[in-house]
């Protein structure tokens with residue numbers, strides 16, 4: 076502690092995923108509340124052998140460490156409280172859509188790393204109840220506290236739109252082009268929906284051999300945060316057939332921008348999307364269900380805005396930064412007693 080100011084260290088393996096976003100947002104939020112934060116980024120190669128990070132020296136005067144449960148054990152330092160954050164559900168997570176190599180990698184390495192991290196941690200945070208529940212058969216279940224991720228609801232917000240009623244229903248997909256995110260379902264869904272719908276993809280569309288992409292799909296290319304927010308604001312609904320989410324930032328971001336979400340009724344997504352109120356939840360992997368949900372949402376021009384408004388309200392009431400950060404501050408106060 077320096078001049079009465081708590082110093083937090085956030086060592087992070089850059090994965091290009093939601094955990095990176097989480098780290099940045101956590102540091103920003105804590106800084107706004109008077110806690111000095113230092114993020115140290117490590118290359119992705121350390122995800123495989125995090126033990127190599129054990130000798131990295133924390134910033135001088137570090138009072139508390141926040142790290143991903145995949146590698147938190149490597150950052151345990153004598154006399155410094157460690158908070159391990161569980162972003163995924165490796166214990167009991169659905170693995171049907173992982174490759175054999177991915178399954179072996181997670182079972183042989185990641186689960187072992189996480190067990191070491193949970194043992195070393197002074198506190199464990201899960202970003203969803205789904206993630207927390209995955210530990211119910213381990214000895215660490217009582218050590219876990221659920222603190223949902225959050226977004227800047229002033230930045231991710233709706234805009235006033237006046238569009239002609241006679242237009243394609245504009246769908247948006249945001250996520251990695253992988254089976255786990257349901258990207259393999261998109262061509263089939265859009266083929267059935269036809270010209271009354273258009274799907275914009277944030278990123279570059281991957282073409283697998285033998286797959287012909289329908290004309291009602293297009294790529295927006297890489298988007299920075301400002302352009303991504305604009306894409307949310309300009310769509311009619313988010314199409315998010317992801318099969319597995321430890322939290323589901325994408326769904327929350329769309330809701331905060333006043334857009335309904337068509338998502339899978341799986342993993343952590345039902346914690347974010349209220350079925351029939353802020354969007355439609357479909358059976359994971361069921362192409363027909365996503366087609367029908369899209370058509371149902373587009374059939375009434377008042378339905379999509381109404382669900383979008385409800386989504387915005389839910390995002391503000393349940394996933395605002397202030398609510399989650401207060402819980403982190405209580406953990407910090409518990410682990411760092413006043414002098």
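In our numbering, the protein residues as written are 76 to 414. A virtual CB, placed ideally from N, CA and C, is assigned to each residue, including glycine. These figures come from a predicted structure and were not determined experimentally.
- Ranking 343, 279, 329 and 273 by CA distance to the CA of residue 223 puts 343 first.
- Counting C-beta pairs with one atom in each stretch, the stretch 252 to 264 and the stretch 284 to 304 have three or more that are closer than 8 Å, which means they touch.
- In the three-state reduction of the DSSP assignment, residue 377 falls in the coil class.
- Annotation: the continuous beta strand (DSSP E) that includes residue 82 extends over 82 to 88.
- By the Cβ criterion, the stretch 363 to 378 is in contact with the stretch 318 to 338, since at least three pairs of Cβ atoms, one from each stretch, lie closer than 8 Å.
- Contact between residue 292 and residue 276 holds, since their C-beta atoms are separated by about 7 Å, short of 8 Å.
- Rounded to whole angstroms, the Cβ separation of residue 199 and residue 394 is 21 Å, and the two are not in contact under 8 Å.
- When the five nearest sequence neighbours on each side are left out, the beta carbons in the same chain lying within less than 6 Å of the beta carbon of residue 396 are those of 104 and 225, in order along the chain.
- At a cut-off of 4 residues, the continuous stretches assigned as alpha helix (DSSP H) that sit fully inside the stretch 186 to 237 are 186 to 195 and 204 to 208.
- Inclusion of residue 233 and residue 333 in the CB contact set at 8 Å is warranted, their separation being smaller than that value.
- The secondary-structure analysis by DSSP pairs residue 143 across a beta bridge with 160.
- Taking residue 349 as the centre and dropping the five residues before and after it, the same chain places the C-beta of 389 closer than 7 Å to its C-beta, in chain order.
- Residue pairing for residue 350: DSSP places it in a beta bridge opposite 354.
- Residue 413 and residue 81 have their C-alpha atoms spaced approximately 10 Å apart.
- According to the DSSP assignment, residue 338 belongs to the beta strand (DSSP E) that extends over 336 to 339.
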